[in-house]
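Student: Everything in the sequence shown is counted per the working numbering, starting at 21 for the first residue and increasing by one. Ideal Cβ positions, reconstructed from N, Cα and C, are used throughout, including at glycine.
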Amino acid sequence: MNENLSLFDTDESGQVSIEESNHANKIDVVKMDFVEADSLYWDELFDGFNKLYAITYSSGIGFICELLQRFSYSEIIFGNEEVMSYSLQEVMAYQLKTIERLREDMSKSKNDLISKIDDGNLKMYLARKRLSHEKIYMLEADDGRKRTIFGSANLSRSAFTGYQRENVCYIDGDKAFEWYMDSYEAFKTDCSDSITVSALKCADDGEYLEEIPVMKTVKVKKALVIEPENDLKDEVRFTIDIKNLSNKFTSFIPKADKKGKIILSPEKVKITKRRIVDANIQEKELRSEYPQLVMNVADGTAELNGKMLDLNPDRESICNDVILFLQYMNGYERFHGDVGGMQSRYFEFANWFFTTPFMATIRNIAVKYNQNLLPYPVFGLLYGQSKAGKTSFLETLLKMMIGQKTKISAPDFTRSTIENLKRNVMGAPIIVDDLTQSRFNQHAIETIKNDDFGVVDNLITYPAVVISANEDVKAVAAEVIRRTVICRVQAGLTNTELMKSNIVRRVQRNIGTAFYREYLRHMFEAIPELLEDLKDDESAGAPDILKVSSEIICDIISEHYDGGMPIYIRKLTLDDYFNEKVTGAYAMKTIQSAWIVNRRAFVIDKRVNQLRYNAGQTWEADRILKELPEDLEAHKVREWIVMELDKACSFFDINFKKPGILSRFK
21 MNENLSLFDT DESGQVSIEE SNHANKIDVV KMDFVEADSL YWDELFDGFN KLYAITYSSG
81 IGFICELLQR FSYSEIIFGN EEVMSYSLQE VMAYQLKTIE RLREDMSKSK NDLISKIDDG
141 NLKMYLARKR LSHEKIYMLE ADDGRKRTIF GSANLSRSAF TGYQRENVCY IDGDKAFEWY
201 MDSYEAFKTD CSDSITVSAL KCADDGEYLE EIPVMKTVKV KKALVIEPEN DLKDEVRFTI
261 DIKNLSNKFT SFIPKADKKG KIILSPEKVK ITKRRIVDAN IQEKELRSEY PQLVMNVADG
321 TAELNGKMLD LNPDRESICN DVILFLQYMN GYERFHGDVG GMQSRYFEFA NWFFTTPFMA
381 TIRNIAVKYN QNLLPYPVFG LLYGQSKAGK TSFLETLLKM MIGQKTKISA PDFTRSTIEN
441 LKRNVMGAPI IVDDLTQSRF NQHAIETIKN DDFGVVDNLI TYPAVVISAN EDVKAVAAEV
501 IRRTVICRVQ AGLTNTELMK SNIVRRVQRN IGTAFYREYL RHMFEAIPEL LEDLKDDESA
561 GAPDILKVSS EIICDIISEH YDGGMPIYIR KLTLDDYFNE KVTGAYAMKT IQSAWIVNRR
621 AFVIDKRVNQ LRYNAGQTWE ADRILKELPE DLEAHKVREW IVMELDKACS FFDINFKKPG
681 ILSRFK
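#1: I need the DSSP call for T456, collapsed to helix, strand or coil.
#2: Determine the contact status of K195 and S172, defining contact as a CB-CB distance below 8 angstroms.
#3: Excluding five sequence neighbours on each side, which residues of the same chain lie with their C-beta closer than 8 angstroms to the C-beta of G583?
#4: Spatial neighbours of E32 within its chain, please: CB distance less than 8 angstroms, with the 5 preceding and 5 following residues excluded, ordered by chain position.
#5: Report back the beta-carbon spacing between A408 and A562 to the nearest angstrom; my notes put them in contact at under 8 angstroms.
#6: Could you check which residue in Q612, V662 and N599 has the C-alpha nearest to that of V623?
#7: Quick one, which of E640, E205, W660 and V628 has its alpha-carbon nearest A621's?
#8: Looking at G447: is its Cβ nearer than 8 angstroms to the Cβ of L313?
#9: What three-state label does DSSP hand G82 in the structure shown?
#10: If contact is defined by three or more beta carbon pairs under 8 angstroms, each pair taking one atom from either stretch, is the stretch 599 to 613 in contact with the stretch 385 to 392?
#11: Grab me the residues of A497's own chain with a C-beta within less than 7 angstroms of its C-beta, minus the 5 sequence neighbours each way, in chain order.
#12: Of all Cβ atoms in chain C, is any one closer than 8 angstroms to the Cβ of Y366?
#13: Spatial neighbours of P377 within its chain, please: C-beta separation below 6 angstroms, excluding the five flanking residues on both sides.
#14: Counting only the same chain and skipping the five closest in sequence on each side, list residues whose C-beta sits under 8 angstroms from that of E545.
#15: Do you know whose CA, among Q637, G636 and D625, lies nearest K678's CA?
#16: Report yes or no: do the stretch 203 to 221 and the stretch 55 to 70 share at least 3 C-beta pairs separated by less than 8 angstroms?
#17: Using alpha carbons as the reference points, say which of R503, R383, T456 and L554 lies closest to V475.
#18: Pick helix, strand or coil for Q184, following the three-state DSSP scheme.
#19: Can you give me the start and stop residues for the beta strand (DSSP E) that L159 sits inside?
#20: Less than 6 angstroms between C-beta atoms, sequence neighbours within five positions excluded: which residues of the same chain meet that for L331?
#21: Please return the same chain residues whose Cβ sits closer than 6 angstroms to the Cβ of K136, not counting the five positions on each side in sequence.
#22: Where does D341 land, buried or exposed, given buried means 16+ other C-beta within 10 angstroms?
#23: Quick one: Cα of S634 to Cα of A654, how far?
#24: In this structure, how does DSSP classify L402 when only helix, strand and coil are distinguished?
#25: Using three-state DSSP, classify L648 as helix, strand or coil.
#26: At 3 residues or longer, what runs of the beta strand (DSSP E) sit wholly inside the stretch 470 to 555?
#27: Can you have a look at A276 and say buried or exposed, based on whether 16 or more other CB atoms are within 10 angstroms of its CB?
#28: At the level of alpha carbons, what is the spacing between S578 and M585?
#29: Are the CB atoms of S176 and F91 nearer to each other than 8 angstroms?
#30: Ignore the nearest five residues each way along the sequence and tell me which others in T533's own chain have a CB closer than 6 angstroms to its CB.
#31: Here's a check: name, in chain order, each residue in its chain whose Cβ is nearer than 8 angstroms to the Cβ of E323, leaving out the five neighbours to either side.
#32: Just verifying my parser: in three-state terms, what is the DSSP assignment at M446?
#33: Starting from F671, follow the alpha helix (DSSP H) in both directions and report where the run begins and ends.
#34: Measure the beta-carbon distance from P449 to L594 and round it to whole angstroms, keeping in mind my assumption that it falls under 8 angstroms.
#35: Taking the alpha carbon of Q115 as the point to measure from, which residue in H463, T411, L122 and L146 has its own alpha carbon closest?
#36: Using a Cβ-Cβ cut-off of 8 angstroms (strictly less than) and excluding sequence neighbours within five positions of L122, which residues of its own chain qualify?
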């Protein structure tokens, strides 16, 4: 028999050989005789020995500190069952947290582990691989006696004081000791890193990154291969599912008393059951009310509410959708204000809007391969003056994607509400209409800054959130700007013009999903290569899904529209969304306009290379300041904004040093 045959090897007929696959990997089995069972105190089990060699998981540091006092020499390898894949980030996090616990318990119990390590009487190691799941404690005495303790018990007080049921066995003698010691030494050498005195003395984890044990090993060995365990998907999924279900139950469980105990009665069980049933009903209502758009990236298919989408729409239907979309966009030419800018911003927003069902999958891969999440935003903010058609624009985009319009009202927007929706709604963006400044500050900012959403849960179908707001959203903080696609519009209709317009109703009534289904077909062809680039550490930069998307949209419109391509329909890149002149567009326009009409608002001091601008109000100064790039070194003094003169000339495209010249730099 070929012992290297994998689990999925087949014979000549193509059938899997069950006998061979079951014997693919041998395991070590220790054969022993049952002598007797006895009841002992934990200290009796360890008494009479001078040296300890241990492998333990989920350890109790306080108990270990007490145990170490009994031995003149000790070695301990710490593992952690919560570390699921042993990726580099998990290993670093686990090692840092274990060292923190050791440091804290040393302080509380006044146990000086550092002096023991200094004296050479204690060596501690942290696992970086899962190649051992044993709990082994090998004891050795100066007179040559040896004992090997093994079983289910970790080195914790609850395990060794009878608080919980454990399987504890021991064998006295050299034979077992030597066999287990070989296994211990191999694990220590190949799969663990030593805790140094300098690591235990560190006070700042970020400052002393090199003191993390795995980093010290790299320094000594010059190179180290960290290979995550990718064959544990079922275990990881099961563990995550348990945590998710536990979190879900938390709000329904009766509250504990002051001692942390929960007293259950039949009546409380009934109440808890009723709460969970009601929550499940509400969850089902959410799923039925909101669309479920699922992108199956692996096989290039899409489902809407459980039905497979036809990604090969007929040409006539695509042409119809393209013409209606362009008619809708061209309708903005009747507006008053910055019409060209409005059309450009709306197209940029539409391009991102159409990519959003793919963002969760891309962000999931980005996390696994330690890539930046910022190029893949899952929040959009559309704000500006009223009567700018913001709500109808978002409704039209959603109609093009899924054939229906859904949105939630602003008073329902809270972080918990949105995150609950994101867990239950799939794919299609959630639209929050008409959010106020106070509600935006209170709920939206923290929600947007939560980059960890979906990471632990391994979610790959959650939707983007699109917020529309009026002019009262005065300023957007930098931490929101870099995580959000922002579209600020400064054009609108009068009341009577708004009443007479019927283009929105006509387009929404007649537009279909053919354009978007054609778009999806092309995106599914492009996404695999984009994901492979994301996995490549040597890639020149973050794969640009917004660029890929805009190229596909331009190609579809060009192929299905006989008229000239409108100027606002163009190929985009990530820079069109997040470069400093885009994110600082409001500040730029404000300063440029003020320079033309109100020179007295400026003070230019060439001697100290300083430009000062009086914004008139402190809140307006705040608003402008939040959009200015960091290299301007701008700061605020009451209603004045102070910045570096040379850099301000470059950023605003104005020669502030020559007040008599109105023209900007080219």
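Tutor: For this structure:
#1: Start at 1 with the first residue of the sequence shown, and residue 456 comes out as number 436. Correct three-state label for T456: coil.
#2: Mapped onto the sequence shown, residue 195 falls at position 175. Mapped onto the sequence shown, residue 172 falls at position 152. Not closer than 8 angstroms, so no.
#3: Against the sequence shown, residue 583 aligns to sequence position 563. Once the five neighbours on either side are set aside, the close Cβ partners of G583 are L346.
#4: For the purposes of this step, residue 32 is taken as residue 12 along the sequence shown, with counting starting at 1. For E32, the predicted model reports a pLDDT of 43, less than 50, meaning its position is unreliable; a value from the coordinates is still stated below. Result list for E32: empty, nothing under 8 angstroms.
#5: Position 388 of the sequence shown holds residue 408. Position 542 of the sequence shown holds residue 562. Actually they are not in contact, since the Cβ atoms of A408 and A562 sit about 31 angstroms apart, beyond 8 angstroms.
#6: Counting from 1 along the sequence shown, the entry for residue 623 is found at position 603. Of Q612, V662 and N599, the residue nearest in Cα terms is V662.
#7: What you label residue 621 is simply residue 601 of the sequence shown in a count that begins at 1. Ranking the options by Cα distance to A621, first place goes to W660.
#8: Here residue 447 is taken as the residue at index 427 of the sequence shown, counted from 1. Here residue 313 is taken as the residue at index 293 of the sequence shown, counted from 1. Yes, Cβ-Cβ distance for G447 and L313 is below 8 angstroms.
#9: Translated into the one-based positions of the sequence shown, residue 82 becomes position 62. Looking at G82 - three-state DSSP - the assignment turns out to be helix.
#10: no
#11: Counting from 1 along the sequence shown, the entry for residue 497 is found at position 477. Excluding residues within five positions, the ones whose Cβ falls inside 7 angstroms are I465 and K646.
#12: The question asks about chain C, but that chain is absent: this structure has only one protein chain.
#13: Taking the first residue of the sequence shown as 1, we reach residue 377 at position 357. L313, M315 and G447, listed in sequence order.
#14: Here the question's residue 545 lines up with position 525 in the sequence shown. If we look at E545 and ignore the five residues flanking it on each side, its Cβ neighbours are G320.
#15: What you label residue 678 is simply residue 658 of the sequence shown in a count that begins at 1. Comparing Cα-Cα distances from K678 to each of Q637, G636 and D625, the minimum goes to D625.
#16: no
#17: Counted from its first residue, the sequence shown places residue 475 at position 455. V475 has its Cα closest to that of R383, out of R503, R383, T456 and L554.
#18: Stepping through the sequence shown from its first residue, residue 184 is reached at position 164. Coil at Q184, not helix or strand.
#19: As a first step, residue 159 is located in the sequence shown; it is residue number 139 there, counting from the start. Its beta strand (DSSP E) spans residues I156 to E160.
#20: Locating residue 331 in the sequence shown gives position 311, where the first residue counts as 1. Taken in chain order, the residues that qualify are R537, L540 and R541.
#21: Along the sequence shown, read from residue 1 onward, the residue named residue 136 stands at position 116. The answer, listed in chain order, is L142.
#22: The residue you call residue 341 lines up with position 321 of the sequence shown. Classification for D341: buried.
#23: Within the sequence shown, the letter at position 614 stands for residue 634. Within the sequence shown, the letter at position 634 stands for residue 654. Rather than Ser, the amino acid found at residue 634 in this sequence is Asn. C-alpha separation (whole angstroms): 13 angstroms.
#24: Locating residue 402 in the sequence shown gives position 382, where the first residue counts as 1. Note: L402 maps to strand in three-state DSSP.
#25: Taking the sequence shown and counting its residues from 1, the one referred to as residue 648 is at position 628. If DSSP states are grouped into helix, strand and coil, L648 belongs with coil.
#26: 485 to 489 and 504 to 509
#27: As a first step, residue 276 is located in the sequence shown; it is residue number 256 there, counting from the start. A276 comes out exposed.
#28: As a working note, residue 578 is residue 558 in the sequence shown. As a working note, residue 585 is residue 565 in the sequence shown. One C-alpha to the other measures close to 7 angstroms.
#29: Indexing the sequence shown from 1 puts residue 176 at position 156. Indexing the sequence shown from 1 puts residue 91 at position 71. In this structure, F91 does not lie closer than 8 angstroms to S176 by Cβ.
#30: Working through the sequence shown from its first residue, we reach residue 533 at position 513. Contacts found: G423.
#31: Residue mapping note: residue 323 aligns to position 303 of the sequence shown, counting from 1. Answer for E323: Q312, L313, V314, N316 and L329, listed in chain order.
#32: As a working mapping, residue 446 is identified with position 426 in the sequence shown. M446: strand per DSSP, three-state reduction.
#33: As a working mapping, residue 671 is identified with position 651 in the sequence shown. Note, F671: alpha helix (DSSP H), L665 to F672.
#34: Mapped onto the sequence shown, residue 449 falls at position 429. Mapped onto the sequence shown, residue 594 falls at position 574. Actually they do not touch by this definition, with Cβ atoms about 19 angstroms apart.
#35: On the sequence shown, residue 115 is found 95 positions in, with the first residue counted as 1. Here the closest residue by C-alpha is L146.
#36: One-based indexing of the sequence shown puts residue 122 at position 102. Result list for L122: I81, L133, M144, I215 and L220, in chain order.
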